[in-house]
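Note that our numbering numbers the sequence shown so that position 94 is 1389, with each residue one more than the last.
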Amino acid sequence: RIVMRYLAMLSKRSAGGGEGSGGIEQRVLQSNPILESFGNARTVRNDNSSRFGKFTEIQFETTGRLNGASIITYLLEKVRLITQAPGERNYHIFYELIVGLGREEKRE
């Protein structure tokens, strides 16, 4: 995450920080919390434990400006969808979805 922020900052500088710069950089950086919602869960030792692997390929133009990114996920702990150890929880996304429901919907 820190390296991605650093590379995004360098990309903005190489783009001159002008109008429209930073769009792709921000999208790449903002994808991380979304992926974490689907692949992170509370465990006994860590409230935000990553339960999957992620390979991020960042593509740059010859000028040094960020041109795009490709993110590949792997080794998702699928058994967590069905059962969790005592003191652990399912993936964050399920709890985040429930927060938006009303009382009646939660009862159903």
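Note that CB positions come from ideal geometry on N, CA and C, so glycine has one too.
Backbone secondary structure at residue i - three-state DSSP
| i | result |
| --- | --- |
| ALA1303 | helix |
| GLY1318 | helix |
| LEU1396 | coil |
| ARG1402 | helix |
| ARG1308 | helix |
| GLY1313 | Caution applies to GLY1313, whose pLDDT of 49 falls short of 50 and renders its modelled position unreliable; the value that the coordinates give is listed next. Coil at GLY1313, not helix or strand. |
Same chain only: Cβ atoms within 7 Å of residue i, ignoring 5 sequence neighbours per side
| i | result |
| --- | --- |
| THR1338 | SER1344, GLU1383 |
| LEU1392 | none |
| GLY1363 | ILE1319, GLN1354 |
Cβ-based burial, residue i [other Cβ within 10 Å; buried from 16]
| i | result |
| --- | --- |
| GLY1334 | buried |
| SER1365 | exposed |
| VAL1323 | buried |
| ALA1380 | exposed |
| TYR1448 | This structure cannot speak to residue 1448, because the chain is shown only from 1296 to 1403. |
| TYR1386 | buried |
| GLU1356 | exposed |
| GLU1320 | buried |
| GLU1331 | buried |
Within 8 Å, strictly: CB atoms of residue i and residue j
| i | j | result |
| --- | --- | --- |
| LEU1361 | SER1306 | yes |
| ARG1300 | ALA1336 | no |
| PHE1350 | GLU1372 | no |
Original post:
Taking only runs of the beta strand (DSSP E) that begin and end inside the region 1320-1389, which ones reach a length of at least 3 residues, in chain order?
Top reply: The qualifying runs are 1348-1355, 1361-1369.
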